[in-house]
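Inspection log for the structure reproduced underneath, given as structure tokens.
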Amino acid sequence: MPQRAVSPTRKASRRSSFIPKHLAFILGAAWSLQCAPGLAQSVAQAAPAAAAATSQQYRIAAGPLADVINQFASQAGIALTFDADALQGARSPGVQGSYTVDDGLRQALAGSRWQPRRMNNGAYVLEPAPAPATAADAGQGVTMAAVSVTARQDPATTEGSGTYGGSSSTIFKGAQSVRETPQPVTIVSRQLLDDRMLPDMHDVLQNVPGVTVDYTDSERVTYFSRGYQIDSLQVDGINMYQSGSAFVQPDTAVLDRIEILRGSSGILRGSGNPSATVNLVRKLPTRDFQASVTGTLGSWDRRRATADISGSFNDSQTLRGRIVAVTDDKDFFQDARDEHRRVFYGVLQADITDHTTVTASFEHSQLKATGAWGGLPRDFDGSALDLGRSTYLGSDWNQWNRWNEQAMLSVETRFDNEWQLKATAMNTRFRYFDGGFTQTYITRASKTNPYLFNVATSDYPNSASDQNAFALTANGPFEAFGRKHHLTVGAESTYVRTTASSGMASYGTVKNIDIRDWDSYSTYPEPTSYAGGSYYEASNNVVKQQALYALGRFSLADPLTVMLGARATWYDYEVLQGTAKYRVNNEITPYGGVVYDLNDTFSLYGSYSQIFQPQQAYDSGGNLLDPIRGDDYEAGIKGEFFGGRLNTSLSLFQITNKGKAMDDASSPNPCLPNYPTGYCKVDGGKTRSRGWELEASGELTPDWQIMAGYTNTLTKYLKDSSASNEGLPIRSLDPRHLVRIFTTYRLPGALHGLTVGAGVQAQSSIYATGGGVTAKQGGYAIYNAMAAYDINKNVRLQLNVNNIFDKVYYKKVDATGISNYYGDPRNAMLTLSWRM
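Numbering (the working numbering), first residue to last: 246 to 1081.
As structure tokens, then:
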């Protein structure tokens, strides 16, 4: 019998003071970053030219071109002359790595219409690049080769940056700095993913500010922000409407970064909830050859290995490729649970002309797992039962085997006037395989003994889903009224067909099992027949969505930028086996935002955005109800330090979601023909979420990185079919207070090869109600740490320890069901990595 664990709810009161302790730390640290004028970026000072042939290391993040070349000139020790007004609106991919002065300038200017000219005195001047480029007069100086657009780096790329932040994101269909975006944006960089050893998507999102993870069961997870579900992910900017919890969660080995835009984002994706948008940006090929291999051993017999190879196939570097492969096998702290993951990602990129790049990619993710159901019940009064953390109320022969595949093709053309046109097509498939889904589950057998249960099995072998998506985007600058502005326009089309497998439920029932004596290897043998089961027919549904959108950034004055846009969406839903269908035509979703630069470091911002969610509900006249609409108001202040390498923000928000179907008590009951057993509906439901967020991410010094955030969210039902819900939280499983902090520091001097880091995940209490009882989990804090040592320039040894103090807590509580799940006990991973 498993060791008994002390119920975390019985010690909840000891943690009630966690908010003052952890909140004081983050408020003090982050607000100091916002207000300290000494942290503002200093202006690059001209210095005598250094030896141009000498290479040195640079770590300059992507950002405005003028800022990047200022930093480069300062670090390189060169005199550089340019017209700052002429560079307004131009951006640079940054300079990361070892470069000579000439090569570093080329990198900083990549993709721009400018070229450097070295004078006879060793100083440099920027001038427009002629087309075709010609040599300058020898008496005036030596003109460097024209900047090539081949292997043009995405300005938002974080790989190799070494920083926890990102100066820009592509979530608005084009590179835009965090400071220029009038909503809260979090960028999880490649460096943070590596330092934290976060291979799973749910591990990442439960470590970022403002996001909570909900466990439907031990395998399926959903994400929430500001009280609403994050119901759509993006992959490389393409909306993924198949992002349901049954999907194999993305492996972060294939990602360059994760961009999270919090708040309503209807202009980006049409229908959905006013929660957040998560954009998974995958790695692209590099110009130069690079390779890495990592191996990880960890608690519960974890064995993980990754390989990543990238480079060019020809001397001109116009044809490039990359391959990432992952094998990941692990057991769990629960008995009899294990998981086996295989991932392959390949991408080819070709510059078919100086201005046009074609990118083709394919990704396959396969997951074989035992556990899915098997969570723990509660006592009749909602208190925790004395069941140890290793208890898994399933059997070792359970399985859930599935795979995802994505194939993508994009063509991007860059014009001389700085406009870009990009067309992308993506096909995504999801399938069960090798028997699909077979799980045991338990139901209560007694009203007096909380440990007595009946056990049965369900089997669903053939679920599937297919998505075809196409997106066309054009963006670039234009001039009007003597100022330079930016416009993005696009069209999208998505077709999704989902098949819920036929299957057999509730067969092989065995009654009156005492779960205190449960043994996952012997208590419940696999049934040999479907006797007593219920057969379920397969069902198919189709969702079609088309959209047109436009978004402009208008520079009204030097400090003032206004964003205005709208999206028109056509939405169709149909269940193929029945009559259920609904359609929304030409739904207009507006967007507006404003950014006011107080100085070179701080900006005020405000925005209004909207989103809609179709609903299949009818009024007493037989008419389909209008969609639920979410209105989101945002305001705050953002700070950008060190050329975008450190970003801070203080954000206020209020979201009102209105129009959810409610019973119409004035209608007949039954209300035929649509409701043979109930009232017709009226669109009167209303909820509200409001709060504030504080965040700091990026580089405090070249050796000190930080990702920190605090979120305070208060949600409530304003109007609901059930009057008893009014005034209660939308989701009692989302904490009011949420703290996420992690920081690393590379030691100086003789210990410069050693990096140490630590952090905390803390939250206030949560609860679940049902059947007149309440299940609670008090506030808690989980502390994590890492240490990494660079054995040489190619080899690193890293140790990660999570839940250092072995806190016992529930990450999910359920008052009357069997969805109570312990958080992970203390665990460790040791990783050896080799790179070249």
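By construction, the Cβ of each residue, glycine as well, lies at the ideal position given by its N, Cα and C atoms.
query: Residue span of the beta strand (DSSP E) that contains residue 424, given as start and end; result: Where residue 424 is concerned, there is no enclosing beta strand (DSSP E), given that its DSSP letter is neither H nor E.
query: Three-state class that DSSP yields for residue 600 in the structure shown; result: coil
query: Chain-order list of residues whose beta-carbon lies under 7 Å from that of residue 444 (same chain, five-residue window excluded); result: 496, 497, 498, 549, 573
query: Rounded C-alpha distance that separates residue 917 from residue 516; result: 29 Å
query: Rounded separation between residue 1057 and residue 872 - CA only; result: 31 Å
query: Residues of its chain near residue 276, where Cβ-Cβ distance is below 6 Å and the 5 sequence neighbours each way are ignored; result: Only weak support exists for where residue 276 lies, its pLDDT of 43 falling under 50; the value from the coordinates is given anyway. So no residue of the chain qualifies.
query: Exposure of residue 637, with buried meaning 16 or more beta-carbon neighbours within 10 Å; result: buried
query: Classification of residue 359 by the beta-carbon crowding that lies within 10 angstroms, buried from 16 upward; result: buried
query: Opening and closing residue of the beta strand (DSSP E) in which residue 957 lies; result: 949-964
query: Residue span of the beta strand (DSSP E) that contains residue 765, given as start and end; result: Here residue 765 belongs to no beta strand (DSSP E), and DSSP marks it neither H nor E.
query: N-terminal and C-terminal residue of the alpha helix (DSSP H) that residue 435 is part of; result: 435-441
query: Nearest-angstrom beta carbon gap, residue 898 and residue 1089 [assumed within contact, 8 Å]; result: Since the first and last residues shown for the chain are 246 and 1081, residue 1089 lies out of range.
query: Nearest neighbour of residue 327, chosen from 313, 1024, 482, 779 [CA to CA]; result: 313
query: Neighbour-count burial assignment, residue 612, 16 or more Cβ in a 10 Å radius; result: buried
query: Length at least 3, wholly inside the segment 840-868: the beta strand (DSSP E) runs in chain order; result: 847-858
query: The segment 730-747 touching the segment 784-792, judged by at least three CB pairs closer than 8 Å; result: yes
query: Cβ distance (whole Å) where residue 904 is taken to contact residue 930 below 8 Å; result: 7 Å
query: For residue 284, the three-state DSSP class (helix, strand or coil); result: Since pLDDT at residue 284 reaches only 33, below the 50 mark, its modelled position is unreliable, and the value read off the structure follows with that caveat. In the structure shown, residue 284 sits in a helix (DSSP, three-state: H, G or I).
query: Buried/exposed call for residue 1065, threshold 16 Cβ in 10 Å; result: buried
query: The alpha helix (DSSP H) enclosing residue 997, as first and last residue numbers; result: From DSSP, residue 997 is part of no alpha helix (DSSP H); its letter is neither H nor E.
query: Among 728, 1043, 545, 1081, nearest to residue 438 - alpha-carbon criterion; result: 1043
query: For residue 384, three-class secondary structure by DSSP; result: Here residue 384 scores only 39 on pLDDT, less than 50, and its place in the model is too uncertain to base an answer on.
query: Under the three-state DSSP convention, the category residue 238 falls into; result: Residue 238 cannot be examined here, being either before or after the span of the chain that is shown, 246 to 1081.
query: For residue 807, the residue or residues it bridges with in DSSP; result: 799, 839
query: Residue 831 in three-state terms, based on DSSP; result: strand
query: Best match in 644, 735, 783, 766 for proximity to residue 749 [C-alpha to C-alpha]; result: 783
query: Residue from 862, 627, 642 whose Cα sits closest to the Cα of residue 767; result: 642
query: Residue 1078 versus residue 547: straight-line alpha-carbon distance, rounded; result: 16 Å
query: Where the alpha helix (DSSP H) through residue 317 begins and ends; result: 310-321
query: Classification of residue 301 by the beta-carbon crowding that lies within 10 angstroms, buried from 16 upward; result: exposed
query: Short Cβ contact (9 Å threshold) for residue 687 with residue 1063; result: yes
query: Candidates 819, 990, 577, 604, of which the one nearest residue 567 by Cα; result: 604
query: Burial state of residue 894 (16 or more Cβ within 10 Å); result: buried
query: Coil, strand or helix - residue 1058 by DSSP; result: coil
query: Residue of 629, 779, 854 minimising C-alpha distance to residue 204; result: Look at the range of the chain in this structure, 246 to 1081, and you will see that residue 204 is not part of it.
query: Residue of 571, 684, 926 minimising C-alpha distance to residue 640; result: 684
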